[in-house]
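Asker:
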Amino acid sequence: MPLHRTRRISPRLQASFIAVLVVALAVFTWITPPHALVLHNVLHHLNILPFMLAGLLFGWRGALKTLLFATVLLTPSIHRHWYREPLDAQDEIVELSTFGAAGLIAGVLADRERLQRRRVEETKQELEQVHTELQRNIDQMKKTERLTAAGELAASLAHEIRNPLASISGAAGILARRQAPEQSREECLEILTRESQRLNKLLSNFLDFARPRVPRFQWTEPVSVIQSVAALARHADILKEVELELEMPSRLREIEMDAEQIKQVLLNLILNAVQATEGSGSILIRSFITLDRLCVEVRDEGGGIPEENIHRIFDPFFTTKDNGTGLGLAVVANIVAQHGGTLTCSGNGGGSRGTTFRMELPFDHAKLRRISLDEKEVNL
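Its first residue numbered 34, the sequence shown is counted upward by one per residue in our numbering.
(1) With H, G and I counted as helix, E and B as strand and the rest as coil, what does DSSP make of R45?
(2) How big is the Cα-Cα spacing for P349 and E278?
(3) Just mark G133 as buried or exposed, buried being the case when its beta carbon has 16 or more other beta carbons within 10 Å.
(4) According to DSSP, is L272 part of a helix, a strand, or is it coil?
(5) In the DSSP output, what is R326 paired with across the bridge?
(6) Hey, quick one: how far does the beta strand (DSSP E) through T377 stretch, first residue to last?
(7) With a threshold of 7 Å on Cβ separation, who are the neighbours of S200 within its own chain once the five nearest residues in sequence on each side are excluded?
(8) Quick check on A264: buried or exposed, where buried means 16 or more other Cβ atoms within 10 Å of its Cβ?
(9) Among Y116, W93, H77, L120, which has the Cα closest to the Cα of L104?
(10) Identify whether S315 lies in helix, strand or coil by the three-state DSSP scheme.
(11) If you drop the 5 nearest sequence neighbours on each side, which residues of the same chain put their C-beta closer than 8 Å to that of L413?
(12) Can you give the Cα-Cα distance for G136 and R94, rounded to whole angstroms?
(13) Just the C-alpha distance for H268 and P255, rounded to the nearest angstrom, thanks.
(14) Taking the straight line between their C-alpha atoms, what separation do you get for L97 and V60?
(15) Is it right to say R332 is buried, meaning 16 or more other beta carbons lie within 10 angstroms of its own, or is it exposed?
(16) Straight-line CA distance for K157 to T389?
(17) Which same chain residues end up closer than 6 Å to P67 when comparing Cβ atoms and leaving out the 5 residues on each side of it in sequence?
(18) Does the region 363 to 373 come close enough to the region 309 to 323 to have 3 or more Cβ pairs within less than 8 Å?
(19) Could you pull out every residue in the same chain whose Cβ sits closer than 6 Å to the Cβ of S379, ignoring the five residues on either side in sequence?
(20) Taking DSSP as the reference, what is the three-state secondary structure of E289?
(21) Could you check which residue in E159, L235, A143, G206 has the C-alpha nearest to that of R195?
(22) Around the C-beta of Q251, are 16 or more other C-beta atoms found within 10 angstroms, so that it is buried, or is it exposed?
(23) Could you confirm whether any beta carbon from chain D is found closer than 9 Å to the beta carbon of P349?
(24) Under 9 Å between the Cβ atoms of L208 and L222?
(25) Can you tell which of E274, G382, A122 has the C-alpha that lies nearest to the C-alpha of L70?
(26) Whose C-alpha, out of I303, S257, M174, K296, is nearest the C-alpha of E287?
(27) Between the alpha carbons of A48 and A87, how many angstroms are there, rounded?
(28) Under 8 Å by Cβ, that's how I've got E334 and T310 pegged, so tell me the actual separation to the nearest angstrom.
(29) In this structure, how does DSSP classify F91 when only helix, strand and coil are distinguished?
(30) Which of the three DSSP states is assigned to T310 in this structure?
(31) Residue range of the alpha helix (DSSP H) that H344 falls in?
(32) With respect to the beta strand (DSSP E) encompassing T65, which residues constitute its N-terminal and C-terminal limits?
(33) Restricting to Cα atoms, I'd like to know which of V298, L82, S202, G337 is closest to L362.
(34) Would K296 and S261 be called neighbours here (beta carbons separated by less than 9 Å)?
(35) To which residues of the same chain is L160 closer than 6 Å at the C-beta, ignoring the five residues directly before and after it?
Okay, structure coming up:
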């Protein structure tokens with residue numbers, strides 16, 4: 034019987050059972066005739082039971098007490114047999130000693146096992162306490178990070194709103210005095226219109242960032258999406274003096290994505306590339322497959338992004354433009370992340386000027402979700 038099951042029985046009952054077993058063996062040994070050597074031999078061997086039980090249940094101290102108790106009870110029988118059957122008495126002494134030693138050894142091993150188990154339990158409790166404390170600290174850190182991010186976001190939003198509000202307030206003050214010349218009034222009205230549109234764009238981008246729409250995934254041929262975005266950019270006069278080049282195969286395998294959101298991403302990247310080019314130049318859109326992912330690169334020939342800013346361009350409200358909101362790249366990065374993809378930025382390298390934005394999207398987003406769920410179940 035395993036030790037963890039015997040713990041369900043009280044130690045008092047266990048000790049009583051061992052004592053009764055020792056007494057029963059001593060009584061049967063006494064009442065058995067001395068000339069019944071075979072039966073005496075069986076009774077001698079049965080003495081190992083109480084010794085081993087005592088050692089396993091109560092350690093070497095319990096085995097020693099049981100050995101002494103059995104010795105006291107069996108001494109009269111040994112004394113009687115010493116004169117009638119000396120060989121049987123000697124065998125009983127040898128077996129009593131041998132089995133008693135075996136019980137002591139079992140008791141020592143059982144004590145070590147219990148000590149080791151107690152140490153494991155203590156270590157387990159300590160680890161559970163450490164894990165609980167660590168989880169509490171992690172939750173606190175996440176809460177602090179969320180509050181810090183919310184504070185920074187609120188501060189950035191307030192800063193971005195303050196500038197157009199100041200312009201609107203100044204223009205409204207000039208119009209309120211009703212003494213400004215006609216040209217000044219027209220300029221003030223233009224300021225009011227422009228800054229109101231800027232505020233509306235800022236708030237729209239902020240809502241897109243704070244409450245992104247859940248993608249509606251459908252199997253779509255990516256080349257047609259990229260070509261439609263390029264056609265839209267040309268017809269909407271977004272490119273101005275910039276030439277847009279496409280480098281991609283005539284057709285690529287279908288990908289699971291929200292086509293409208295990906296169009297929004299590409300249009301935003303093209304617009305940023307046009308603004309970075311600052312005049313004549315070219316923008317290259319490349320599309321290819323690598324490692325079972327669709328890759329789309331938007332490469333411009335602008336002045337590039339300083340090294341100290343390249344890791345911040347996807348942060349909300351970070352912008353180096355005078356009239357930028359700093360939310361465009363944050364929104365598109367969020368869209369790409371919802372598709373299970375990545376959006377990175379790097380210099381063109383090789384002595385070339387400009388910047389390359391690279392978007393990578395998995396072909397089977399449903400498969401990616403299944404793999405993610407399986408990994409969570411394995412971790413659990």
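Yeah, the Cβ is synthetic: ideal placement off N, Cα and C, and Gly gets one too.
Answerer: Taking the coordinates as given:
(1) Residue state, collapsed to three classes: helix.
(2) Just so you know, the alpha carbons of P349 and E278 end up roughly 30 Å apart.
(3) By the 10 Å Cβ count, G133 comes out buried.
(4) Coil at L272, not helix or strand.
(5) Paired residues: T323, P395.
(6) Note, T377: beta strand (DSSP E), 375 to 382.
(7) Excluding positions up to five away in sequence, the list reads I224, E228.
(8) By the neighbour-count definition (other C-beta atoms within 10 Å, threshold 16), A264 is an exposed residue.
(9) It should be pointed out that residue 104 corresponds to Thr in this sequence rather than to Leu. For the residues Y116, W93, H77, L120, the minimum Cα distance to T104 belongs to H77.
(10) Strand at S315.
(11) Caution is warranted here: a pLDDT of 38 is assigned to L413, below 50, making its placement in the model unreliable, and no coordinate value can be reported.
(12) C-alpha of G136 to C-alpha of R94: approximately 10 Å in a straight line.
(13) Annotation: H268 to P255 spans about 20 Å, alpha carbon to alpha carbon.
(14) Each residue's Cα considered, the two are about 21 Å apart.
(15) Around the beta carbon of R332, 16 or more other beta carbons lie within 10 angstroms, which makes this residue buried.
(16) If I take the Cα positions, the gap works out to 51 Å.
(17) Result list for P67: H114, R117, E118, in chain order.
(18) Fewer than three beta-carbon pairs drawn from the region 363 to 373 and the region 309 to 323 are found closer than 8 Å, and the two stretches are therefore not classed as touching.
(19) Only residues of its own chain outside the window of five on either side were considered, and among them T389 have a CB closer than 6 Å to the CB of S379, listed in chain order.
(20) In the three-state reduction of the DSSP assignment, E289 falls in the strand class.
(21) Just measuring C-alpha positions, the residue of E159, L235, A143, G206 sitting nearest R195 is L235.
(22) Counting other Cβ atoms within 10 Å of its Cβ, Q251 stays below 16 and is therefore classed as exposed.
(23) Among the protein chains of the structure shown there is no chain D, as only one such chain exists.
(24) Yes.
(25) Here the closest residue by C-alpha is A122.
(26) Closest in C-alpha terms to E287, from the list I303, S257, M174, K296, comes S257.
(27) If you take the alpha carbons of A48 and A87, they lie about 8 Å apart.
(28) Distance from E334 to T310 at the Cβ level is roughly 6 Å; contact confirmed, criterion being Cβ atoms closer than 8 Å.
(29) Looking at F91 - three-state DSSP - the assignment turns out to be helix.
(30) If DSSP states are grouped into helix, strand and coil, T310 belongs with the helices.
(31) Unbroken run through H344: none, as it is neither H nor E.
(32) Element bounds for T65: n/a, residue is neither H nor E.
(33) Checked all of V298, L82, S202, G337; the closest Cα to L362 is V298.
(34) In this structure, S261 lies closer than 9 Å to K296 by Cβ.
(35) Hits under 6 Å: none found.
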